[in-house]
Every structure is written in structure tokens, then in C-alpha cells.
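Asks: Just passing along the structure, written as C-alpha cells.
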Amino acid sequence: EAARVSRFAFVEMLHLARERRKEAAAARAAERASNSLFHQMDELDVEGTVVPPDLAARASSGTYLNLSKEQLARMCEGQAQVLGVYGLPPVVSSNEDIGRAISEGLIRNAKEQREAYAASKALLRERRAAEIAAVREAVAETKGSFGMERSDSMDEGMQPHPPDGMPSMAPPSARALMQMMASVVAARQDDADDVAAQHARYTEAKKRQAASLRAELKQAHAELLADRELERQELLVQSRLERRQLQHALDERNRAITAEVQQKHDFRRATKDSLVARATSRSFTGSFVRQQNSMVRQLQLGDLRRKREEEDLQVAALAESARREEEARRNRAASETRKRAETVREGFRRDHKELQRKRENNESLRQRELDMVRLKQTQLREIKAMLSQPLDFTSGGPIPNTPATLAGFNIDS
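Rendered as C-alpha cells:
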């Protein structure tokens with residue numbers, strides 16, 4: 001039912017979009033007719049034109065019409081304004097309306113299907129929860145009836161006893177439990193079958209709806225193509241007719257412009273002749289004024305030349321004085337530089353002499369130290385030689401021809 005209602009609404013939207021498109025096309029056609037040159041045939045004094053065979057077989061160009069680029073651009077702009085081709089074409093706008101309606105219908109159908117699927121899932125969930133609760137209550141009642149629940153006041157190892165006069169109760173058999181589980185499994189299988197059947201119906205409904213939408217879209221596309229082709233043919237015929245009228249109007253305007261240009265040329269020639277006559281009448285006055293002006297210019301040029309010569313002399317004197325001052329300054333700077341260099345050289349000489357004197361003193365001191373060392377070494381050798389000879393205790397002198405080892409000690413060791 002929901003799918004049927006949504007499809008009916010979608011079809012109504014399509015019909016409404018088509019009606020709006022037809023009304024817009026009629027309004028545009030009326031506007032073009034009101035702005036067309038054919039609508040102004042009674043107001044404009046334009047005679048009908050006969051198209052030549054060679055012109056009817058080809059499109060007009062700027063070279064054939066002898067038009068400039070600006071005139072051709074203005075003519076195309078006027079045709080565009082008359083035909084109303086600014087903005088989106090009517091076919092594109094109608095396509096946009098139909099596409100928007102189709103999108104809204106698809107979104108609405110998808111939302112309804114999602115809501116129905118969610119409701120069915122919630123219903124199945126509630127039914128399953130109720131069945132599980134019922135099974136749990138039945139099991140609890142069975143356990144209570146057979147005395148399987150324990151009391152708080154009884155010990156863990158004790159079992160409840162039936163009251164007096166009642167037979168003893170036993171726990172349920174395995175057959176009963178299997179039957180209960182089989183019933184639960186059968187219920188769940190039925191629920192799963194219901195869900196699968198509902199999903200199959202939902203899928204079939206979606207396929208039928210998609211097929212109907214494709215058929216509607218195909219039909220709408222074919223109608224749009226037909227309307228577009230018809231509108232293109234109408235615009236082509238209208239543009240050809242208006243192009244002929246515009247060509248005639250352009251020819252008339254060119255003739256008017258040519259006449260106006262010729263009139264301006266004649267007026268310019270007459271003005272030029274009057275100016276030549278006026279110049280001839282004032283030639284003597286002009287020559288006298290030019291002669292006086294030339295004399296004044298010669299006097300002014302002489303004064304200017306004299307002033308320039310005086311300025312050149314002053315500049316030369318100033319330059320000579322500046323040159324002399326610069327030369328004197330350079331000479332003073334050179335003398336000061338020479339003095340400073342001589343002072344530096346004198347300082348270098350003094351330093352060199354002082355360094356030479358110090359070097360000679362150091363050399364003499366080193367030579368004296370070397371002489372002292374040689375003297376001490378000589379004395380030490382003589383002492384060693386004296387000590388190496390044996391002594392004669394009777395005479396107090398050394399024993400001749402006796403080695404140093406016989407004296408009892410060796411001075412070298």
C-alpha cells in the first residue's frame with residue numbers, strides 16, 4: 001500500500017513538472033514573439049526582402065556582409081536578447097525539475113521501506129522475547145510442581161518431601177524436555193520463514209518499483225528529447241527569419257551611415273575652405289608678427305649667450321681655485337707622509353742598532369762563559385792527572401814510572 005501511494009505521488013509530480021515545462025515554453029514563445037521583428041512589422045517601415053539562392057544555401061558571415069567585428073558582435077548580442085537564450089535552456093531546467101522529483105520520490109520510498117523493515121524486526125524481536133519468557137516460566141512452573149526448588153531453611157543435601165496424602169513427585173522426563181525444545185525450535189523456524197518471506201516480498205516490491213521507475217524515466221527522456229528537437233527546429237526557423245530581417249535593417253542602417261558620412265565630409269571640406277580663406281586674409285599680419293617675434297628671440301638669445309659666457313668664466317675661475325687648493329692639499333699630505341715615513345725608518349734604525357748591540361753583548365757573554373768552562377775542564381783534567389800518580393811518603397812527591405793502580409785508588413773510577 002505504501003509503495004502504491006508513493007508511486008502515485010511520483011507520477012503526479014511527473015505530470016506537474018510536464019505541465020510547468022509546457023507553460024514555461026509557451027511563456028518563452030510569447031515573449032519571443034513580442035520581441036521579434038515580425039511583431040513590429042506594422043510599426044517599422046521595412047520592406048520585405050528576397051533571399052538570393054546562393055545566400056539561402058549558406059550561413060552569412062562578417063566578410064560577406066561587410067561588417068566590422070564590433071558590428072557583428074552587436075548583431076549577435078541583439079539576436080541573443082531577442083531569442084532569450086541567456087541563462088539555462090528550458091530543457092535543462094525541466095530536466096532539473098524532473099530529476100529533483102525523482103530523487104525525492106526515491107528518498108521517500110527508501111525511508112518508508114527502512115521504517116517498515118525496522119518495525120518488522122522490532123515486532124519479531126518482541127515476539128521472540130515473549131516466547132523465551134513463556135518457555136522460562138513454563139520450565140520454572142515445571143520445576144516448582146515437581147519440587148526441584150530448595151527452601152532457605154533446608155540444608156543443601158536435603159530434598160523437599162510431598163505433603164501427607166499426596167504421591168511422591170519425580171523430575172520431568174527427557175521426552176517432555178525434548179518436546180518442549182522441539183516446540184521452541186519449530187517456533188523459531190516459523191519466525192525465520194516469516195522473515196525470509198517478508199524479505200522476498202520486499203525485494204520483489206523493490207524490483208517492481210525500480211522497473212516502473214525505469215520505464216517512467218525512459219518515457220520522460222524520450223519526451224524530453226522530442227521536445228528538445230522540436231524547440232530546436234522552432235528556434236532555428238525563428239533565427240533564420242529574424243536574421244533576414246536584421247540583414248535588411250543592417251543594409252538600411254549602412255546606407256544611412258554612408259549618407260551621414262558624405263554629409264560630414266562635405267561640411268568638413270567647406271570648413272577647410274573657409275579656414276584657408278581666413279588664413280590668406282591674415283597672412284600679412286602673421287608675417288609681421290613672426291618678424292617681430294624673431295627679432296625679440298634674437299635679442300633674448302644674445303642676452304642668454306652673454307649670461308652663459310659669464311657663468312662659464314665664473315665656473316672656470318672656481319674650478320682653477322679648487323684645483324690649486326687640491327694640489328696644495330696633496331703636496332701637504334705628501335710631505336706629511338714623507339715625514340711620517342722618515343720617522344718610522346729612524347725608529348727602525350734605532351731598534352736595529354739596539355738589537356745588534358744586545359746580540360753582540362750576548363755573544364761576548366756566551367764566549368766568556370765558554371772560556372770559563374774550558375778553563376775549568378782543563379783544571380779538572382790536571383787534577384785528575386795529579387791524583388792518578390802514586391805518592392812517596394818519604395819525599396812527599398809522586399813516584400816516577402808507577403801506574404796509578406799501585407797507589408791504592410783509581411781516580412777515574
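Residue numbers for the sequence shown follow the UniProt record's numbering, so the first one is 1 and each next one is one higher.
Virtual Cβ for every residue (Gly too), placed ideally from N, Cα, C.
Locate the alpha helix (DSSP H) running through residue 282, then write down its first and last residues.
Replies: Mapped onto the sequence shown, residue 282 falls at position 282. Here residue 282 belongs to no alpha helix (DSSP H), and DSSP marks it neither H nor E.
Asks: Less than 8 Å between the CB atoms is what I'm expecting for residue 191 and residue 124, so what's the real figure, rounded?
Replies: The count along the sequence shown starts at 1 and reaches residue 191 at position 191. The count along the sequence shown starts at 1 and reaches residue 124 at position 124. Going by Cβ atoms, the distance from residue 191 to residue 124 rounds to 6 Å, so yes, they are a contact pair.
Asks: Consult DSSP for residue 314 and reduce its assignment to one of helix, strand or coil.
Replies: By one-based count along the sequence shown, residue 314 stands at place 314. It is helical.
Asks: Considering only residues of the same chain and omitting the five flanking positions on each side of residue 118, which have a CB-CB separation below 7 Å?
Replies: On the sequence shown, position 118 is the one that residue 118 refers to. For residue 118, where only same-chain residues beyond five positions count, there are no Cβ hits under 7 Å.
Asks: Helix, strand or coil for residue 367 per DSSP?
Replies: By one-based count along the sequence shown, residue 367 stands at place 367. DSSP places residue 367 in helix when its eight states are reduced to three.
Asks: Here's the rule I'm using: 16 or more other beta-carbon atoms within 10 Å means buried, otherwise exposed. How should residue 370 be labelled?
Replies: Position 370 of the sequence shown holds residue 370. By the 10 Å Cβ count, residue 370 comes out exposed.
Asks: Look up residue 209 in the DSSP assignment and say whether it is helix, strand or coil.
Replies: Here residue 209 is taken as the residue at index 209 of the sequence shown, counted from 1. Looking at residue 209 - three-state DSSP - the assignment turns out to be helix.
Asks: I'd like to know if the stretch 212 to 227 and the stretch 130 to 138 are in contact, where contact means that at least 3 CB-CB pairs between them fall below 8 Å.
Replies: With a cut-off of 8 Å, the stretch 130 to 138 and the stretch 212 to 227 do not count as touching, because too few Cβ pairs lie within range.
Asks: Going by DSSP in three states, residue 389 sits in which element: helix, strand or coil?
Replies: Within the sequence shown, the letter at position 389 stands for residue 389. In this structure, residue 389 counts as coil in the three-state DSSP scheme.
Asks: Return the CA-CA distance between residue 186 and residue 8, expressed in angstroms with no decimal places.
Replies: On the sequence shown, position 186 is the one that residue 186 refers to. On the sequence shown, position 8 is the one that residue 8 refers to. Distance between the alpha carbons of residue 186 and residue 8: 41 Å.
Asks: Would you grab the beta carbon distance between residue 250 and residue 75 for me? Rounded to a whole angstrom, and I think it's under 8 Å.
Replies: To locate residue 250, count along the sequence shown from 1; it is residue 250. To locate residue 75, count along the sequence shown from 1; it is residue 75. The Cβ separation is near 7 Å, so the contact holds.
Asks: What does the alpha-carbon distance come out to for the pair residue 361 and residue 351?
Replies: Taking the first residue of the sequence shown as 1, we reach residue 361 at position 361. Taking the first residue of the sequence shown as 1, we reach residue 351 at position 351. Taking the straight line joining both Cα atoms gives about 15 Å.
Asks: With residue 216 and residue 14 assumed to form a contact (beta carbons below 8 Å), what rounded beta-carbon distance in angstroms separates them?
Replies: If you number the sequence shown from 1, residue 216 lands on position 216. If you number the sequence shown from 1, residue 14 lands on position 14. Indeed they touch by this definition, with Cβ atoms about 7 Å apart.
Asks: Count the other CB atoms, across all protein chains shown, that sit within 10 Å of the CB of residue 17; report buried if there are 16 or more and exposed otherwise.
Replies: What you label residue 17 is simply residue 17 of the sequence shown in a count that begins at 1. Buried.
Asks: Quick check on residue 21: buried or exposed, where buried means 16 or more other Cβ atoms within 10 Å of its Cβ?
Replies: Taking the sequence shown and counting its residues from 1, the one referred to as residue 21 is at position 21. Buried, by the Cβ-count rule.
Asks: With burial defined as no fewer than 16 other Cβ atoms inside 10 Å of the residue's Cβ, what is the status of residue 209: buried or exposed?
Replies: Residue 209 sits at position 209 when you count from the first residue of the sequence shown. Burial call: buried.
Asks: Exposed or buried, what is residue 286 when buried is set at 16 or more other beta-carbons lying within 10 Å of its beta-carbon?
Replies: Sequence index remark: in the sequence shown, residue 286 carries index 286 (1-based). That one is exposed.
Asks: To the nearest angstrom, how far is it from the Cα of residue 198 to the Cα of residue 228?
Replies: Working through the sequence shown from its first residue, we reach residue 198 at position 198. Working through the sequence shown from its first residue, we reach residue 228 at position 228. Distance between the alpha carbons of residue 198 and residue 228 is about 44 Å.
Asks: Alpha carbon to alpha carbon, what distance is there between residue 355 and residue 347?
Replies: For the purposes of this step, residue 347 is identified with residue 347 of the sequence shown, where counting begins at 1. For the purposes of this step, residue 355 is identified with residue 355 of the sequence shown, where counting begins at 1. Distance between the alpha carbons of residue 347 and residue 355: 12 Å.
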